[in-house]
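*Asks:*
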Amino acid sequence: MAAVSSASDTADPRGRHPPERRLLLLGGPQSGKTSTANTILGDEVFDSGTETTHSNVGQTEIYGRRVTVVDTPPWAVPVDPEDTAEDDGNDNAGAESDSLPQPPPSLDSEGPCMGAILCPPGPHAILLVVSVTQPFTDTQRRAAEDQLGALGGGTWRYSMVVFTGVDKLPKGVFIEEHIANTGDALQWLVERCGSRYHAFDNTRKDAEDNTQVPELMEKVEEMITDNQGWYFEVNELILLEEEQARRALEEERMRMEEHARQREQMIGGPPRELRLLLLGWKGVGKSSVGNSILGRRYFESGQETELCLRRQALVSGRRVTIVDTPGWDWFSVRRTPKRIRQESQRGAALLRPGPHTLLLVLPVVSSLTARKRRTLLAHIETLFGDSACLHTMVLFSCGDWLGRTPIEEHILRGGRELQRLLEYCGNYYHVLDSKTPGKDRSVSVLLDKIEEMIRENGDKAFLPIQTEWLSEESSYSSDNTEPEDDCRGCQLQ
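Heads up: the sequence shown begins at 426 in this note's numbering, then just goes up one per residue.
#1: For leucine 857, which residues of its own chain have a beta-carbon under 8 angstroms away from its beta-carbon, when the five flanking residues on both sides are left out?
#2: Whose C-alpha, out of Leu787, Arg446, Ile879, Glu647, is nearest the C-alpha of arginine 489?
#3: Please identify the residue among Thr794, Arg777, Glu731, Ile604 whose C-alpha is closest to the C-alpha of histidine 479.
#4: Check whether the stretch 637-652 and the stretch 738-753 touch, using three or more Cβ-Cβ pairs below 8 angstroms as the test.
#5: Quick check: what's the CA-CA separation for alanine 773 versus glutamate 893?
#6: Output yes if chain D places a C-beta closer than 8 angstroms to the C-beta of glutamate 876; else output no.
#7: I'd like to know whether the C-beta atoms of leucine 450 and valine 554 end up nearer to each other than 8 angstroms.
#8: Can you give me the Cβ contacts of threonine 493 inside the same chain, cut-off strictly under 8 angstroms, excluding the 5 residues immediately before and after it?
#9: Quick one: is lysine 797 buried, meaning 16 or more other Cβ sit within 10 Å of its Cβ, or exposed?
#10: Suppose contacts are defined by Cβ-Cβ distances below 8 angstroms. Is proline 788 in contact with valine 709 by that definition?
#11: Once you ignore the five residues that flank glycine 727 on each side, which residues in its own chain have a CB closer than 7 angstroms to its CB?
#12: Determine, using beta-carbon pairs with one atom in the stretch 797-815 and one in the stretch 823-837, whether at least three such pairs fall under 8 angstroms.
#13: Taking the DSSP output, what are the residues bridged to tryptophan 753?
#14: Valine 789 by DSSP, collapsed to three states: which one?
#15: Looking only at DSSP bridge pairs, what is alanine 550 linked to?
#16: Roughly how far, in whole angstroms, is the beta-carbon of leucine 783 from the beta-carbon of histidine 816, given that I think they are within contact range, below 8 angstroms?
#17: According to DSSP, glycine 483 sits in a beta bridge with which residue or residues?
#18: Given a cut-off of 8 angstroms, decide if serine 456 and proline 499 are closer than it, judged by their beta-carbon atoms.
#19: Closest by CA to methionine 642, which one among Ala624, Val659, Arg629, Thr628?
#20: Out of curiosity, what's the CA-to-CA distance linking leucine 775 and arginine 764?
#21: Taking just the CA atoms, how far does valine 748 sit from glutamine 612?
#22: Shortest alpha-carbon distance to methionine 878 belongs to which of Asn852, Gln737, Pro831, Leu827?
#23: How is isoleucine 604 classed by DSSP in three states: helix, strand or coil?
#24: If we ignore side chains and look at the alpha-carbon of each, how far apart do phenylalanine 809 and glutamine 844 end up?
#25: Would you kindly check if the distance between the Cβ of leucine 704 and the Cβ of leucine 785 is under 8 angstroms?
#26: With distances taken Cα to Cα, identify the nearest neighbour of threonine 475 among Ser460, Ile487, Arg760, Gly467.
#27: Tell me whether the beta-carbon of valine 470 lies closer than 8 angstroms to the beta-carbon of glycine 540.
#28: At what residues does the beta strand (DSSP E) containing tryptophan 655 begin and finish?
#29: Pop quiz: histidine 781 and arginine 672 are said to be a contact at Cβ under 8 angstroms. What is the actual Cβ separation, rounded to whole angstroms?
#30: For alanine 501, which of helix, strand or coil comes out of DSSP?
#31: Could you name the residues of the same chain whose beta carbon sits closer than 8 angstroms to that of isoleucine 604, not counting the 5 residues immediately before and after it, in chain order?
#32: Nearest to valine 591 by CA position, among Ala575, Asp571, Gln637, is which residue?
#33: Within a Cβ cutoff of 6 angstroms, which residues of the same chain sit near cysteine 814, ignoring the five residues on either side of it in sequence?
#34: Take glutamate 676 and list the residues in its own chain whose beta-carbon comes closer than 6 angstroms to its own, dropping the five residues that flank it on each side.
#35: Assuming contact is defined by CB atoms lying nearer than 8 angstroms, are serine 556 and threonine 607 in contact in what I supplied?
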């Protein structure tokens, strides 16, 4: 059974945030999942023009409630042997069938567990998105059942069917009639969800008289009331099993890549993947650095980052995936809120099977005191373990402030604390001008340095994610990992 917890604790006890509702969207290919997520959020938060390959998070406020929406990759629909046989029988002799076999799932594919952990501590509602324009067969029903089964037991009591494309129904046909006429598979799904369903017309999301989102939230509230205020939480054992399977697949992939590396270099193989996690205290320019590396404005800079955000682009022949994270407190680990520390770990978990490099962003205009250095290292080691130093690189932001001064000269002027920080990182560092995304030629040099670090790390090419990073209660110590300096009488540096 999956664990369930009370929803009454989701509001911030200090009253800083309104009560929260968390929605997890699941659905098959071309079901309208992403468009539905955008309709709920009231904005084009997710790209609905391309297939979703990784789970993504968006937030909005509806009637005083903060609503978190998680869009997920489409579930895999297996090929029905009976359908394949029927197609073959209808083909002419010697003709090939138009039904191509479903490709095996890739290592990059995500199950529903990843989506569930992106709305911690768990979703209040699991919305199963079904398009009325596509036939819902027994194969589709089994795919939906397998998807919810992957989350663990007890999921159906939190589930609701959301029908999309209702504007395509014949005139005068209501959704109830569509359910009755479509067949046993769809009726089974609706009944399994406790006869909870809602109809969405995503073409009317900008209409002034559009009430479909408030009506959906009313149904969600009714379901939460029926569940006595509980939300769904993924069983940690399921997360552990999923992570072990992914690690085994990743080890096999690394062995295959090692054999094929020389051949791929000769014939020009696919781009190498680099997974980067941006870390640092508040206001150091992490989002701007991410934009500079990816070559365009993917992250919103100039405002505080509250949730991890993952973006990907092809940069200098590499597929680069970056996760931007909320900033830490510069003074101590204890003063960094628990949710921010957990969000940093979840950011690493978004880079399955683990980040190649932790980019510790440090502005060149900032002085580094002993306390700042110890606090930075305490955050890294507490959240990611003692081996994190092997994968950490200092990335100086605001490089345009240096003018003609070489970065090496700046490091010498920066004093002993800056040099000790670089020694901790194996003297891996780089400087970026984050004011001109896409125009800084040193991005390619940065990626070369990251690949050099990966080669130096050998069989420890990346920092493996830990199961506890995926759960609500992370494994870091609470108050005993902090430097023992007495901060009384200290001044802000």
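Just so it is clear, CB atoms sit at the ideal spot from N, CA and C, and this is done for glycine as well.
*Replies:* Reading it off the structure:
#1: Val714, Ser717, Ile718, Leu820, Phe821, Ser822, Gly824, Asp865, Ser867, Val868, Leu871
#2: It should be noted that the sequence gives glycine, not arginine, for residue 489. When only C-alpha atoms are compared, the closest one is Arg446.
#3: Arg777
#4: no
#5: 12 angstroms
#6: The question asks about chain D, but that chain is absent: this structure has only one protein chain.
#7: yes
#8: Glu445, Arg446, Arg447, Leu448, Val482, Gly483, Gln484, Cys544
#9: buried
#10: yes
#11: none
#12: no
#13: Trp706
#14: coil
#15: Leu448
#16: 5 angstroms
#17: Val494
#18: yes
#19: Ala624
#20: 16 angstroms
#21: 41 angstroms
#22: Asn852
#23: helix
#24: 22 angstroms
#25: yes
#26: Ser460
#27: no
#28: 655-657
#29: Contact flag wrong, Cβ pair sits at about 16 angstroms.
#30: coil
#31: Leu611, Gln612, Val615, Tyr622
#32: Gln637
#33: Tyr849
#34: none
#35: no
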